[in-house]
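Colleague: Take a look at this one; I'll ask things after.
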Ligand SMILES: [Fe+2]
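Below is the structure:
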């Protein structure tokens with residue numbers, strides 16, 4: 002089976018969240034996440050920093066409006082679209098303002114709208130702390146359905162799985178380039194976004210993010226720690242709507258190793274200690 006999403010070199014380019022108070026949420030991303038925030042419509046804000054973008058729209062707190070994955074080139078995008086059609090998925094219009102014409106969207110088994118496209122070049126030079134938008138993680142009742150959609154239908158590669166004693170999936174990590182995961186999914190008693198992550202690259206930059214959060218009296222809610230799958234260093238904070246934000250570093254680069262299964266235990270989530278087990 003062809004790894005079509007990997008061939009397309011897709012990466013997490015932007016996210017759009019709904020909020021009952023878009024102005025407050027956009028203000029948080031401007032101040033805490035070191036982004037510019039501009040109002041584009043009465044109830045829509047666009048926040049942009051260096052290689053990171055978050056759109057905030059009026060709606061329900063913690064609801065993902067859509068995610069935007071950019072492809073390496075037109076050939077990769079067209080192959081991915083052809084694969085989606087061949088797999089019988091409904092190919093929808095992409096609502097994303099950050100993609101050029103030719104973008105498309107699909108809905109995953111939990112109805113999340115996932116857009117694929119070619120990124121519109123950012124004409125503004127953005128300064129700020131390093132932290133590109135890097136991965137999106139869902140909470141779901143059904144991790145097997147997540148894997149069947151992203152791996153079997155769209156051709157994301159499986160990187161790691163976390164497995165319950167009964168053999169069912171607790172977590173699944175999939176990638177669409179050499180970074181260990183672009184999207185992941187935790188089994189949960191709710192359906193939605195678990196967290197989204199910014200890749201600081203190295204430990205010292207996580208320190209700088211923590212200093213920035215500390216100056217603003219934003220407490221870490223988890224970490225610092227190191228995940229088993231992905232081997233990435235991490236800290237977590239929460240935005241005013243309750244969305245979990247991760248700042249990560251040293252994520253594993255995967256070329257050709259086999260898929261690894263991990264046991265569902267605290268050490269898998271945090272090799273250094275305390276874990277937040279989702280199921
Ligand atoms: Fe993460």
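In our numbering, the protein residues as written are 2 to 280.
Yeah, the Cβ is synthetic: ideal placement off N, Cα and C, and Gly gets one too.
1. Cβ of residue 198 within 7 angstroms of any heavy atom in ligand 3?
2. Let me make sure I understand the geometry here. Which of 224, 87 and 22 has the alpha-carbon closest to that of residue 61?
3. Could you name the residues of the same chain whose beta carbon sits closer than 8 angstroms to that of residue 33, not counting the 5 residues immediately before and after it, in chain order?
4. When the cut-off is 8 angstroms and only beta carbons count, does residue 31 lie next to chain B?
5. Can you find the residues in the same chain that come closer than 7 angstroms, C-beta to C-beta, to residue 256, ignoring five residues on each side of it along the sequence?
6. Based on DSSP bridge pairs, tell me the residues matched to residue 211.
7. With a cut-off of 8 angstroms, do at least 3 Cβ pairs link the segment 81–89 to the segment 48–60?
8. With DSSP run on the structure shown, which of helix, strand or coil describes residue 144?
9. Hey, would you say the C-beta of residue 136 is under 7 angstroms away from at least one heavy atom of ligand 1?
10. Report the residue from 264, 86, 20 and 112 whose alpha carbon sits nearest the alpha carbon of residue 167.
11. At what residues does the alpha helix (DSSP H) containing residue 24 begin and finish?
12. Look at the alpha carbon of residue 91 and the alpha carbon of residue 108, and state the distance between them as a whole number of angstroms.
13. If distances are taken between C-alpha atoms only, which option among 163, 11 and 135 comes closest to residue 75?
14. Which term fits residue 233, buried or exposed, when burial requires 16 or more other beta carbons within 10 angstroms of its beta carbon?
15. Check residue 99 in the structure and name its three-state DSSP category.
Modeller: On the basis of the supplied data:
1. Ligands in the displayed structure: ligand 1; ligand 3 is not one of them.
2. The alpha carbon of residue 61 has as its nearest neighbour, out of 224, 87 and 22, the alpha carbon of 22.
3. The residues are 213, 214, 217, 219, 238 and 240.
4. In the structure shown, chain B cannot be found, because there is only a single protein chain.
5. Result list for residue 256: 179, in chain order.
6. For residue 211, which the question treats as bridged, DSSP gives no partner whatsoever.
7. Verdict: no, contact absent.
8. In the three-state scheme derived from DSSP, where H, G and I count as helix and E and B as strand, residue 144 is classed as helix.
9. Yes; taking the cut-off as 7 angstroms, the Cβ of residue 136 has a heavy atom of ligand 1 nearer than that.
10. Of the listed residues, the one whose Cα sits closest to residue 167 is 264.
11. Residues 23–32.
12. C-alpha separation (whole angstroms): 8 angstroms.
13. Ranking the options by Cα distance to residue 75, first place goes to 11.
14. Flag for residue 233 reads buried.
15. Shown here, residue 99 sits in coil according to DSSP, grouped into three states, outside any helix or strand.
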